[in-house]
Structures are given as C-alpha cells and as structure tokens.
Amino acid sequence: MASSPLSCSASDLYPLLGDGANATTAAEFICGCFEAISNKFVDTGYAVDSTYLFFSAYLVFAIQLGFAMLCAGSVRAKNTMNIMLTNVLDAAAGGLFYYTFGFALAFGSPSNGFIGQHFFGLSKFPLPSFDYGYFLYQWAFAIAVAGITSGSIAERTYPARAENLLFGSGVIDFAGSGVVHLVGAVAGMWGGLIEGPRIGRFDHADRVVTLRGHSGTLVVLGTFLLWFGWYRFNPGSFINISKSYESGSYYGQWSAIGRTAVTTTLAGCTAALTTLFGKRLLAGHWNVTDVCNGLLCGFAAITSGCSVVNPWAAVLCGFVSAWVLIGCNKLAEKLHYDDPLEATQLHGGCGSWGIIFTALFAKEAYVNEVYLGQPGRPYGLFMGGGARLLAAHIVHILVIVAWVSVTLGTLFFILYKLKLLRISAEEEMAGMDMTSHGGLAYVYTDHEDEVKKKLCVV
Numbered sequence: 003m004a005s006s007p008l009s010c011s012a013s014d015l016y017p018l019l020g021d022g023a024n025a026t027t028a029a030e031f032i033c034g035c036f037e038a039i040s041n042k043f044v045d046t047g048y049a050v051d052s053t054y055l056f057f058s059a060y061l062v063f064a065i066q067l068g069f070a071m072l073c074a075g076s077v078r079a080k081n082t083m084n085i086m087l088t089n090v091l092d093a094a095a096g097g098l099f100y101y102t103f104g105f106a107l108a109f110g111s112p113s114n115g116f117i118g119q120h121f122f123g124l125s126k127f128p129l130p131s132f133d134y135g136y137f138l139y140q141w142a143f144a145i146a147v148a149g150i151t152s153g154s155i156a157e158r159t160y161p162a163r164a165e166n167l168l169f170g171s172g173v174i175d176f177a178g179s180g181v182v183h184l185v186g187a188v189a190g191m192w193g194g195l196i197e198g199p200r201i202g203r204f205d206h207a208d209r210v211v212t213l214r215g216h217s218g219t220l221v222v223l224g225t226f227l228l229w230f231g232w233y234r235f236n237p238g239s240f241i242n243i244s245k246s247y248e249s250g251s252y253y254g255q256w257s258a259i260g261r262t263a264v265t266t267t268l269a270g271c272t273a274a275l276t277t278l279f280g281k282r283l284l285a286g287h288w289n290v291t292d293v294c295n296g297l298l299c300g301f302a303a304i305t306s307g308c309s310v311v312n313p314w315a316a317v318l319c320g321f322v323s324a325w326v327l328i329g330c331n332k333l334a335e336k337l338h339y340d341d342p343l344e345a346t347q348l349h350g351g352c353g354s355w356g357i358i359f360t361a362l363f364a365k366e367a368y369v370n371e372v373y374l375g376q377p378g379r380p381y382g383l384f385m386g387g388g389a390r391l392l393a394a395h396i397v398h399i400l401v402i403v404a405w406v407s408v409t410l411g412t413l414f415f416i417l418y419k420l421k422l423l424r425i426s427a428e429e430e431m432a433g434m435d436m437t438s439h440g441g442l443a444y445v446y447t448d449h450e451d452e453v454k455k456k457l458c459v460v
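Residue numbering for the sequence shown follows the numbering used here, beginning at 3 and increasing consecutively.
Below, the structure is given as structure tokens:
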C-alpha cells in the first residue's frame, strides 16, 4: 500500500566523505541510519493506510443503521419490529457467512474467473495484499447489498467473485453501482415479483393505493446516516490514501479522494432537488420521502464513476438519475410491482444509469490515476475514448442481471413453492410484529389487545 523504502549506497557518499580511513565506516553508519528512518516512514505509511481503511469500514458499516432507519420509516407501524430484525440479521448472519466462505468466493486465489478457491474461514490469512482491514471493509460492502434486497420485499416476507471474467474488459465500477446496487436491486426485484404485491396495494379496479410508511422522521434520519456513510462508501474504495501521483509532489491519492467526495455530494444534491421539483410538477405537492429517495438515487448512480469524472459531470449524473427514478416508479405502478422502499427502482434503475454514465464521461487522466499501472484502459465516449468502455459496461449490466436472476431468482422461486417466502393473508393483515415478534414496536395497548383477540392469542 505505502511506498517502497528509499535506498542508500555507501559508494554514493564517498565523494562527500573523502578517502580517509574512516570514510567507509562513516558511510555505512549514515546509510544504516538513513535506511532505518526510511523503514519507519514506510511503516507509518502502512499504518496511515490501514487506519484509513478501518475508518472507512466503520463508516460503511454505519450505512446499516441508515438502512434500518430508512426501512423502519418506510413500512407501516405494524411491521416495524420485523424489518428491524431483518436488518440486524443481515449484518449478523452476513458477518459469519462472509467469514466462512463469502470472502473466499470473492477474493480467494486461484480462481476460475467466477469463484475463488482460497481464504475459506480466513485460512492462510493475512497476506501482504489482503489484511484484516480489507476483509472488514468488504464485509461492510457485502451486507449493504442484503439491506437493499430486504427492503424490496418488506412487510410480506419471512424473516460472485470480485475479479471475474469481465475484469480485463476495462469496466469501471469503482464503488459498486453495479456490483452493489444493481445486484441488490435485481435480487429484490425477483423477490417482489415472485411473491406479488402487498394486500391492498392495488384496488379491485387495479388502481394504485398508497401504503405510506409510518414515520417520515425515521426516513429522514436514515437518509442522513446513509449520506454520512456514503462519504466512505465511495472515497473509501481507494483502500489507501498515502499514494503519490507523478503529476506533482502536492497531488496524490488524497486529492483524488477529495474529488470523489465532491462528485458524490454534487450528484446526490442535484438528484434531490430535481426530484423535489419534478415530483411537485407531477403530483402537485412537496414530499420529503421523495426527496430522500431522490438524494439516494443520485448517490447510487455516481458510485460507479465517482473517482473518474469531473464535478460538472456529477451534476448531470444526478439530474438524469432523478428522472430515471421517477420514470421507474411510474413503470412499476403500471406493472403492479410493489416495492415499499422503491429499492429496485432506485438501486437498479439508477445504478444501471450510473454504469452507462461512467462509460460516457470517464476522463482519461483520472482513469490513468485511479488505475495506475494499467495503461491503455478505455475511458468515456463523450471524453474522446470511443465506444469500447460503453460496450463493456452494457455487457457488465447484462451479466449482473443474468447472474443474479439465475442464482437468487431461482432461490426465491423455490422458497415460494415451498411456502417459505410469503406469509399468510391473515398474518399480513395483522402485521408481523404481532404474529411473529411478540408485539408492536410502539405501545398501542388497546390496538394490541384487539389484534390479539382477533388472532385468538388471548
């Protein structure tokens, strides 16, 4: 991660020390001191990079709290305990399974291009290329995908290899518009399609019935926590901070990290404001939940190219992503697709747009900086780089959709046929907090007693 130690040769010092009897001894002593100091600087560089990576992992993990609050506020009060339990289990089960085999499947070497064959249970770990901080950071990313999926199938559900065959095609998915957001969205989409909409989401005339979440306050709190976590979700994907670039002594990875944070901010802010006014024109009112989702859709879109685009391009990315979200929501209503958090539309539609956006606006100089040592990588079509990157990114989207559909789509279908996916109509009407979790999240004594009587609990 850090720079290599500087070298010192006694022969280089002879012209300065002369030909005296003690010149050789003095030169060796000076070089020894120099190398010791140099090694300390290298150790410090590793320590700084490791601290940066651990800090990034902690803040990415904070995204779980953001997801929990966002999900809780977006569902009805009778299902709050259920969705909170789901979010806790995403992190807890994800930690154990990622340790056991998840990290190995993603990063173990050797691999066959799809699945790794090393690091199961973190055996023969750590290595110079993979330390514990890297494992923790990647685990925090992995459970974020689970958070996206669980939100798509809320209120009605019982509680790939990273270096794959696409790598080498020049695909730029820096922090995961595809491998994080699109993966989670496609998984959630299949879950939502297979188990169908919530009871009451569409009336007998097939008209849309709004089932509002019970707390806009929690939605806003969750959104700000996600915003906070995104400042490590994207900039933290650099893994280290102490690398210098050849373009100048005051310009290095730390500058690229700052640029990435700026592009992330601009995309989210632009998308939020565009959604605010866009929904006002279409619906006739101002809705804070729509604005929160708009902000997040901008973040999801810019995640792919945050490190390789100019700030002005990030503004364009956010503007378009807002309209992609609005359009996807309209399409979902027409298709009778029910997603309480708009997760499939937000992370899938805007994640796909973000991948295409990167293929159009990735700047050559930034690509060469971020992917140093990989000359000849393609860059954005509109930046003079030709269509090679665009073609690779289209294939990237198709492969993700196909891979997740075959794996998790099949899993959801099997669970549905075994009646292990969707709860009964009676449980859904009563709410899973009462039927499965011992009581409501909030104290509504009269209502709770009434529901218990209907369920013949008392």
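The beta carbon of each residue, even a glycine, is placed where N, CA and C say it ideally should be. As the structure is a computational prediction, the values presented were derived from the model and not from experiment.
Buried or exposed by the 16-neighbour rule on C-beta atoms within 10 Å, applied to Val397: Walking along the sequence shown from the start, residue 397 turns up at place 395. Flag for Val397 reads exposed.
4 or more residues per run - each alpha helix (DSSP H) lying fully within the region 297 to 346: 313 to 336, all fully within the region 297 to 346.
4 or more residues per run - each alpha helix (DSSP H) lying fully within the region 377 to 418: Fully enclosed alpha helix (DSSP H) runs of 4 or longer: 390 to 406.
Secondary structure of Arg424, DSSP reduced to three states: In the sequence shown, the residue the question calls residue 424 occupies position 422. Three-state result, Arg424: strand.
Beta-carbon separation (whole angstroms), Ile416 vs Val185, contact threshold 8 Å: As a first step, residue 416 must be located in the sequence shown, where it is residue number 414. As a first step, residue 185 must be located in the sequence shown, where it is residue number 183. About 19 Å separates the beta carbons of Ile416 and Val185, which is beyond the 8 Å limit, so they are not a contact pair.
C-alpha gap between Val147 and Gln66, whole angstroms: To locate residue 147, count along the sequence shown from 1; it is residue 145. To locate residue 66, count along the sequence shown from 1; it is residue 64. Roughly 10 Å between the two C-alpha positions.
Among Phe56, Thr265, Cys294 and Ala285, the one whose alpha carbon lies nearest that of Thr212: The residue you call residue 212 lines up with position 210 of the sequence shown. The shortest Cα separation from Thr212 among Phe56, Thr265, Cys294 and Ala285 belongs to Ala285.
Tyr381 beta carbon less than 8 Å from that of Leu391: As a first step, residue 391 must be located in the sequence shown, where it is residue number 389. As a first step, residue 381 must be located in the sequence shown, where it is residue number 379. Yes; because the gap between Cβ atoms is below 8 Å, this pair is in contact.
Collapsed DSSP secondary structure at Gly68 in the structure displayed: Counting from one through the sequence shown, the residue named residue 68 turns up at place 66. Three-state DSSP puts Gly68 in a helix.
Leu129, DSSP secondary structure in three states: Translated into the one-based positions of the sequence shown, residue 129 becomes position 127. Residue state, collapsed to three classes: strand.
Rounded C-alpha distance that separates Phe230 from Gly300: Within the sequence shown, the letter at position 228 stands for residue 230. Within the sequence shown, the letter at position 298 stands for residue 300. Approximately 14 Å, taken between the alpha carbons.
Cβ-based burial, His206 [other Cβ within 10 Å; buried from 16]: Here residue 206 refers to the residue found at position 204 of the sequence shown. Counting Cβ neighbours within 10 Å, His206 comes out exposed, since fewer than 16 surround it.
7 Å Cβ shell around Val173 - same chain, five flanking residues per side excluded: Here residue 173 refers to the residue found at position 171 of the sequence shown. Excluding sequence neighbours, Val173 sits near Ala394, His395 and His398.
Beta-bridge partners of Gly254, as assigned by DSSP: In the sequence shown, residue 254 corresponds to position 252, counting from 1. According to DSSP, which records beta bridges pairwise, Gly254 is partnered with Ser246.
Cβ neighbour criterion (16 or more within 10 Å) applied to Val188: Taking the sequence shown and counting its residues from 1, one reaches residue 188 at position 186. Per the 10 Å Cβ criterion, buried.
Residue environment, Val62, which counts as buried when at least 16 other CB atoms sit within 10 Å: Start at 1 with the first residue of the sequence shown, and residue 62 comes out as number 60. Burial call: buried.
When Phe132, Ala144 and Gly218 are compared against Met71, the one with the closest alpha-carbon: One-based indexing of the sequence shown puts residue 71 at position 69. Met71 has its Cα closest to that of Gly218, out of Phe132, Ala144 and Gly218.
Residue closest to Leu49, alpha-carbon to alpha-carbon, out of Leu107, Met86, Asp133 and Cys35: The residue you call residue 49 lines up with position 47 of the sequence shown. According to the sequence as given, residue 49 is Ala; it is not Leu. The option with the nearest alpha carbon to Ala49 is Asp133.
Inter-residue spacing [alpha-carbon to alpha-carbon] between Gly68 and Ile150: Here residue 68 refers to the residue found at position 66 of the sequence shown. Here residue 150 refers to the residue found at position 148 of the sequence shown. Taking the straight line from one Cα to the other gives about 11 Å.
Contacts around Leu298, its chain only, beta-carbon distance under 7 Å, and the 5 residues preceding and following it disregarded: Translated into positions along the sequence shown, residue 298 becomes position 296. These residues qualify, in order along the chain: Thr225, Leu228 and Leu348.
Identified DSSP bridge partners for Phe279: Translated into positions along the sequence shown, residue 279 becomes position 277. Paired residue(s): none; Phe279 is not in a bridge.
Contact check, Ala177 vs Ser239, beta carbons under 8 Å: Locating residue 177 in the sequence shown gives position 175, counting from the first residue. Locating residue 239 in the sequence shown gives position 237, counting from the first residue. In contact: Ala177 and Ser239 (Cβ atoms closer than 8 Å).
Between the CA atoms of Gly47 and Asp292 - distance to the nearest angstrom: In the sequence shown, counting from the first residue as 1, residue 292 sits at position 290. In the sequence shown, counting from the first residue as 1, residue 47 sits at position 45. Inter-residue distance for Asp292 and Gly47 is about 43 Å (C-alpha atoms, whole angstroms).
Cutoff 7 Å; reference Val264; Cβ partners in own chain excluding five residues on either side: Along the sequence shown, read from residue 1 onward, the residue named residue 264 stands at position 262. Within the same chain, Val264 has close Cβ partners Pro313.
Close Cβ partners of Ala164 (< 7 Å) along its chain, the five nearest in sequence each way excluded: For the purposes of this step, residue 164 is identified with residue 162 of the sequence shown, where counting begins at 1. In this prediction, Ala164 scores a pLDDT of 45, lower than 50, which makes its location untrustworthy; the coordinate-derived value is nonetheless stated afterwards. Here the set comprises Ala108 and Phe109.
Coil, strand or helix - Phe204 by DSSP: Residue 204 sits at position 202 when you count from the first residue of the sequence shown. The answer is strand: DSSP assigns Phe204 an E or B state.
Alpha-carbon spacing of Ala95 relative to Phe384, whole angstroms: For the purposes of this step, residue 95 is identified with residue 93 of the sequence shown, where counting begins at 1. For the purposes of this step, residue 384 is identified with residue 382 of the sequence shown, where counting begins at 1. Taking the Cα positions, Ala95 is about 43 Å away from Phe384.
Val210 (DSSP reduced to helix, strand or coil): Within the sequence shown, numbered from 1, the residue matching residue 210 stands at position 208. Strand at Val210.
Endpoints, alpha helix (DSSP H) assigned at Val185: Counted from its first residue, the sequence shown places residue 185 at position 183. That run of the alpha helix (DSSP H) goes Val185 to Glu197.
Residues of its chain near Arg78, where Cβ-Cβ distance is below 6 Å and the 5 sequence neighbours each way are ignored: By one-based count along the sequence shown, residue 78 stands at place 76. Cβ contact annotation for Arg78 (same chain, cutoff 6 Å, sequence separation greater than five): His216, in chain order.
Boundaries (first-last residue) of the alpha helix (DSSP H) holding Ala218: The residue you call residue 218 lines up with position 216 of the sequence shown. Per the sequence shown, the amino acid found at residue 218 is Gly instead of Ala. Per DSSP, the unbroken alpha helix (DSSP H) holding Gly218 starts and ends at Gly218 to Phe235.
Three-way DSSP call (helix, strand, coil) for His349 in this model: The count along the sequence shown starts at 1 and reaches residue 349 at position 347. The three-state secondary structure of His349, taken from DSSP, is helix.
Close beta carbons around Tyr100, own chain, < 7 Å, minus the five adjacent residues each side: Locating residue 100 in the sequence shown gives position 98, where the first residue counts as 1. The beta carbon of Tyr100 sits closer than 7 Å to those of Trp141 and Ala144, all from its chain and outside the five residues before and after it, given in chain order.
Through-space distance from Gly351 to Asn370, alpha-carbon basis: Along the sequence shown, read from residue 1 onward, the residue named residue 370 stands at position 368. Along the sequence shown, read from residue 1 onward, the residue named residue 351 stands at position 349. Computed Cα separation, rounded: 28 Å.
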